[in-house]
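Residue numbers (the numbering used here), protein chains in the order written: chain A, 12 to 691; chain B, 541 to 796.
The beta carbon of each residue, even a glycine, is placed where N, CA and C say it ideally should be.
The structure presented is a predicted model; accordingly, all values stated were derived computationally and were not measured.
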Amino acid sequence: MRNVKPVWRGLLLLVVGALIGYGIGLGLDFAVQRVISFQSPVAGLFSLLIGATLFFFGLIGYRGVTRGLTFQVLGTLIGAGLITAIRAIMGLDLFGAFLFTEPAWVVGGLVGTISFMAGIGALTDWWKWALGEETSEHHEEHQDWERYFGVSLDHKVIGIQYTVVALLLISIGGTFALIFRTELAQSQLQFLTTNFKLFDQNGLQAYNTLMSLHGIIMIVSILLGIAGMMNYAVPLLLGAADMAFPRLNAFSFWIAVPAAVLILSSLFLGGFDTGWTGYPPLSARAPLGMQFYFMGMFVAGWSSILGALNLIATVLRMRAKDMTAFRMPIFAWSAVATSIIALTATQLIGLSFQLVMFQRLLGMGFFDPDKGGNPILFQHLFWFYSHPAVYVFILPGLGIISELLPVFVRKPLFGYRWVAMSSIAIALVGFMVWAHHMFTSGMNEYLRVPFMYSTLLVAVPTGVKFFSWVATLWKGKITTPTPMLFVLGGIVVFLLGGLTGPPNATVSTDLQLHDTYFIVGHFHDTIFGGFVFPFFAALYYWFPKATGRRMNEFWGKVHFWLMTPSFFALTLGMMRVGLLGMRRRIADYDTALGFDSTHMLMTVMGFLIALSVLIFLINFFHSMNHGEKAEGNLWNSRSPEWQVPSPMPAHNYDQPFEVVGEPYDYGLVNSPYVKFSTDR
Amino acid sequence: MTHTQDKSSAMQQGLLIFIYLAVLTALEFFIAIFISNAPLLVVVAIVKAGLVLYYYMHIYRLNQEDQNEEKESPVYKTGTNRLGLWLFLLSDSFVFGGLMVARINLLGLTRPDLNQILGLGVTAVLLLSSFFMNRGETAMSHDDRKGFLTNTALTLALALVFLLGVVAVEWPTALRDGLTPDSSATGAVFFMMTGMHAFHVLTGVLFLIIILRNGARGKYTEEKHWAVEAATTYWHFIDVVWIFFYPALYLIGKLA
Numbered sequence: 012m013r014n015v016k017p018v019w020r021g022l023l024l025l026v027v028g029a030l031i032g033y034g035i036g037l038g039l040d041f042a043v044q045r046v047i048s049f050q051s052p053v054a055g056l057f058s059l060l061i062g063a064t065l066f067f068f069g070l071i072g073y074r075g076v077t078r079g080l081t082f083q084v085l086g087t088l089i090g091a092g093l094i095t096a097i098r099a100i101m102g103l104d105l106f107g108a109f110l111f112t113e114p115a116w117v118v119g120g121l122v123g124t125i126s127f128m129a130g131i132g133a134l135t136d137w138w139k140w141a142l143g144e145e146t147s148e149h150h151e152e153h154q155d156w157e158r159y160f161g162v163s164l165d166h167k168v169i170g171i172q173y174t175v176v177a178l179l180l181i182s183i184g185g186t187f188a189l190i191f192r193t194e195l196a197q198s199q200l201q202f203l204t205t206n207f208k209l210f211d212q213n214g215l216q217a218y219n220t221l222m223s224l225h226g227i228i229m230i231v232s233i234l235l236g237i238a239g240m241m242n243y244a245v246p247l248l249l250g251a252a253d254m255a256f257p258r259l260n261a262f263s264f265w266i267a268v269p270a271a272v273l274i275l276s277s278l279f280l281g282g283f284d285t286g287w288t289g290y291p292p293l294s295a296r297a298p299l300g301m302q303f304y305f306m307g308m309f310v311a312g313w314s315s316i317l318g319a320l321n322l323i324a325t326v327l328r329m330r331a332k333d334m335t336a337f338r339m340p341i342f343a344w345s346a347v348a349t350s351i352i353a354l355t356a357t358q359l360i361g362l363s364f365q366l367v368m369f370q371r372l373l374g375m376g377f378f379d380p381d382k383g384g385n386p387i388l389f390q391h392l393f394w395f396y397s398h399p400a401v402y403v404f405i406l407p408g409l410g411i412i413s414e415l416l417p418v419f420v421r422k423p424l425f426g427y428r429w430v431a432m433s434s435i436a437i438a439l440v441g442f443m444v445w446a447h448h449m450f451t452s453g454m455n456e457y458l459r460v461p462f463m464y465s466t467l468l469v470a471v472p473t474g475v476k477f478f479s480w481v482a483t484l485w486k487g488k489i490t491t492p493t494p495m496l497f498v499l500g501g502i503v504v505f506l507l508g509g510l511t512g513p514p515n516a517t518v519s520t521d522l523q524l525h526d527t528y529f530i531v532g533h534f535h536d537t538i539f540g541g542f543v544f545p546f547f548a549a550l551y552y553w554f555p556k557a558t559g560r561r562m563n564e565f566w567g568k569v570h571f572w573l574m575t576p577s578f579f580a581l582t583l584g585m586m587r588v589g590l591l592g593m594r595r596r597i598a599d600y601d602t603a604l605g606f607d608s609t610h611m612l613m614t615v616m617g618f619l620i621a622l623s624v625l626i627f628l629i630n631f632f633h634s635m636n637h638g639e640k641a642e643g644n645l646w647n648s649r650s651p652e653w654q655v656p657s658p659m660p661a662h663n664y665d666q667p668f669e670v671v672g673e674p675y676d677y678g679l680v681n682s683p684y685v686k687f688s689t690d691r
Numbered sequence: 541m542t543h544t545q546d547k548s549s550a551m552q553q554g555l556l557i558f559i560y561l562a563v564l565t566a567l568e569f570f571i572a573i574f575i576s577n578a579p580l581l582v583v584v585a586i587v588k589a590g591l592v593l594y595y596y597m598h599i600y601r602l603n604q605e606d607q608n609e610e611k612e613s614p615v616y617k618t619g620t621n622r623l624g625l626w627l628f629l630l631s632d633s634f635v636f637g638g639l640m641v642a643r644i645n646l647l648g649l650t651r652p653d654l655n656q657i658l659g660l661g662v663t664a665v666l667l668l669s670s671f672f673m674n675r676g677e678t679a680m681s682h683d684d685r686k687g688f689l690t691n692t693a694l695t696l697a698l699a700l701v702f703l704l705g706v707v708a709v710e711w712p713t714a715l716r717d718g719l720t721p722d723s724s725a726t727g728a729v730f731f732m733m734t735g736m737h738a739f740h741v742l743t744g745v746l747f748l749i750i751i752l753r754n755g756a757r758g759k760y761t762e763e764k765h766w767a768v769e770a771a772t773t774y775w776h777f778i779d780v781v782w783i784f785f786y787p788a789l790y791l792i793g794k795l796a
């Protein structure tokens, strides 16, 4: 085993672990239910958990994430066992359809999450502080690849950890989409039928679960993706040695891992059929998977909240000398705008989910009209976060566009101050628009018009950004390497997303469009334009900074030219069928509606997008070790991080720099942005 | 740590603020009993919260004049820590704000039928704990370790009294009177709001135990006691939450 490559050892142990886990699950199920069922959900869950744990054991041995996952599995069992013991004393049912009862699973899930954090060592320093011990400011760190699988306090390592987990989750969420997209290729049910069985869910339940999980896994992956970009880039752009709170930074990243495990667990434990919105009353009686979804999202929310806290503190307190507010890189502005929302509003989705969890566990009637509760209240609490959340997703991406555009146009960013303020404006207006998701919900009608106008108001600061981009492009010396292609693609796709927004914000048209595939097309456009394209741009752009090598330009262009047209066809198709009467979130549609061929086209395009992302992933991982060397200022950027050699040194800048000019004065002679001090 | 006041005047100020808070609490109790005026109760609560935010939590310290300090210096780092803590409190206040929205939406201008004496009692206990907490921090920042330990221990004792008062006395009383979590939205709101607050009290108690233990072992000095300041600020924040939750649950509106 010693001389086998770690990744093969890991994959071998993954298979072994999956089988062992499956066996354990079957055994436990048999012990409780007295029947052997090969569809056992618990067997599926243990197969995932033990397989993943042993995979990392093969990769890096018993430390880091392996220890974390081991602790999580044991913690979950201990927590669930404890509640089961208490139930035994109280004389309640000990076991349910999914081995443990629902309260036992919930407590187990939470104990497991904390155990993960303890196991991986994210709490160690704080525990020492509580005991009054000092900890060293900078940990000694291995410089090999294995440090990416354990707690590191280096913001660059954490940024890459975030990014890779985001790419992993995008792949999982995308795969789920391909599965149900295939079912939708034709009217009638083809393979997700009632005869289909997967972990005790029939085809229709599996469709609902996959559709819901696609939504939420993509959302979590976006949160991790923006955190990756912000963590990696913002301290470098500011000239800081690290984030303001490095331990909190590591905590924020690692708590997203048990969150992802919890969300994926719901796939096995009955799934859930509400979509990612989790509206009661349906979510109050959905299967056990609902609770795991709620818990996972709650925990992921803490990752987002604490990451945002850290980022705001970093930008406010860690800037280089003379970097005044309006000389900050524009990406720092958008990162702060995003963080303002993530810091505050995220608590409300956490609260709304908690209330449903308590309603399920203790019968508390917050959203139960029989007990004087109000289901509409959930929607208000939920959308108070979940609408601004889309600005959390897109603002960093729009910041990337503004950040990279001047580099490849060789011209100053047009209207820097307006662009900076527009991000903050979008964030603040974003707090006042949530009820536009509820025009058909039965909320008080007088709320409709104010929320319509506040929503339309968002178009103003967004328009400022478009105006700036177009004016920056105007008469520029445009070059189009891969990052620039994705920047331009992002602008065009986001424009389509933006233009399809007002029809949804306007009450009269929204009453027709609500819950149709038109909405699905609209938000895929905004999210691809506002996150996915800029995310890829940022990856192609900063990849050399992180690795000292660049990604293959040819395959990068193939990625772009394959993904962009397919994506347009996909979302325009979505909007077409939406306008013709296709409801969202359902497994089937009537042949008589006459859009079978459009659905088939969309499915094909979905697979082409997946192919392009696969090309990207291969390019990404291959270029890490085999890419063309790129250690200098590859893009001829003015930004400080490109003035030092790649890959970035462990503690960032050896010499501090001070800001002596405007950040985006491309094309002007003798106007440097930063000046590095020569002493020290 | 630089301080503009000497110790005795800082202590006197703390006492004065406590008296104001106590009078205002009594005032809101009587407003609720005799004229039952909801807007007036809101105003009183805001005034109380403002007093605690300014005089006990020292929110003005956020306006830090340390921009010229070295970024690696302890003073600058404490300033960053302080900003981080306040951002956390801002975030946390959205949880309580959300609960308040739920309470207003579900209960409107009605309130659960609770034991008024008990409610006023636990409120007084929590307020008193805030008073001693303030004295503890003031003592620490004037290098009076003994005063810090005594006052923090008193705070901790009162914190435990509050916690037991809510969870071990108030909850069973409510359950006996038929107000259960699953009986009605009113019961659900009552247990959720007091439960969420009690959870924060519990974490505050843990924080107090930590600073008490480390303080007893001489880990803090006049210049370097960020943990004490953090625990203090957090403890007062818990008090501020209760300043709004107490009238929301006990005083505002008619009996359901």
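About 6 Å separates the CB atoms of B/Thr678 and B/Met551; that is less than 8 Å, so the two are in contact.
Taking 7 Å as the threshold, the shortest C-beta distance from B/Arg601 to chain A does not fall below it. Checking the DSSP bridge columns, you'll see A/Arg560 partnered with A/Lys640. A/Leu416 and A/Gly408 have their C-alpha atoms spaced approximately 12 Å apart.
A check of alpha carbon separations from A/Trp287 across A/Ile230, A/Phe534 and A/Met254 identifies A/Ile230 as the nearest.
The way I'd put it, the region 579-593 of chain B doesn't touch the region 289-299 of chain A; fewer than three beta-carbon pairs between them come closer than 8 Å. Classified as buried, A/Val245 has 16 or more neighbouring CB atoms from the shown chains inside 10 Å of its CB. Among the CB atoms of chain B, one or more fall inside 7 Å of the CB of A/Arg328. For A/Thr355, the C-beta contacts it makes with chain B under 7 Å involve Leu630, Ser631 and Phe634, in order along the chain. If you look at A/Phe668, you'll find it isn't in any alpha helix (DSSP H); it sits in the beta strand (DSSP E) that goes Phe668 to Val670. Against chain A, the beta carbon of B/Ile557 has no neighbour under 8 Å; the closest one sits roughly 28 Å away. Within the DSSP secondary-structure output, A/Phe687 pairs in a beta bridge with A/Phe668. Look at A/Arg649 here: in three-state DSSP terms it is coil, with no helix or strand label. A/Leu110 has A/Gly107 as its beta-bridge partners, per DSSP. Nearest CB-CB separation between B/Pro721 and chain A: below the 7 Å threshold.
At least one C-beta of chain A is nearer than 7 Å to the C-beta of B/Ala728. Interface criterion not met: the Cβ of A/Ala346 is under 7 Å from no Cβ in chain B. Contact of A/Leu622 with chain B is not assigned, every C-beta pair being separated by 7 Å or more. Between A/Trp572 and A/Asn630, the CB-CB gap reaches or exceeds 7 Å. Check the Cα spacing between A/Met463 and each of A/Ile228, A/Leu522, A/Ile171 and A/Phe111: the tightest is with A/Leu522. Among the residues of chain A, none has a CB under 7 Å from the CB of B/Ile571; the nearest is roughly 27 Å distant. When the alpha-carbon of B/Ala642 is set against those of A/Tyr664, A/Phe191, A/Phe364 and A/Gln50, the nearest one is in A/Phe364. Neighbourhood of A/Asn242 in chain B, by CB distance below 9 Å: empty, with the nearest CB roughly 16 Å away. Spatial neighbours of A/Phe505 in its own chain (CB-CB distance under 6 Å, excluding positions within 5 residues in sequence) are listed in chain order as Gly540 and Gly541. Counting only the Cα atoms, B/Ala771 lies some 6 Å from B/Phe747. Contacts between B/Arg757 and chain A, judged by CB atoms closer than 7 Å, involve Gly143 in chain order. The beta carbons of A/Tyr304 and A/Ile360 sit about 12 Å from each other, so the pair does not count as a contact at 8 Å.
Selection A/Asn385, A/Val469, A/Lys568 and A/Ser263 evaluated against B/Gly648 yields A/Asn385 as nearest (Cα-Cα). According to DSSP, B/Arg651 shares a beta bridge with B/Leu795. At a cut-off of 7 Å between beta carbons, B/Ile750 contacts chain A.
For a Cβ distance threshold of 7 Å, nothing in chain B lies close to A/Phe687: the least Cβ distance comes to about 17 Å. For A/Gln216, the enclosing alpha helix (DSSP H) stretches over residues Gly214 to Leu249. Contact fails between the region 376-394 of chain A and the region 706-719 of chain B, because fewer than three Cβ pairs, one in each stretch, are under 8 Å apart. Contact check for A/Val430 against A/Leu484 fails: the beta carbons are separated by 7 Å or more. Interface flag for A/Leu388 against chain B is set, since a Cβ pair is found closer than 7 Å. Looking only at A/His525, A/Ser413, A/Met585 and A/Thr473, the smallest Cα-Cα distance to A/Ser452 is reached by A/His525.
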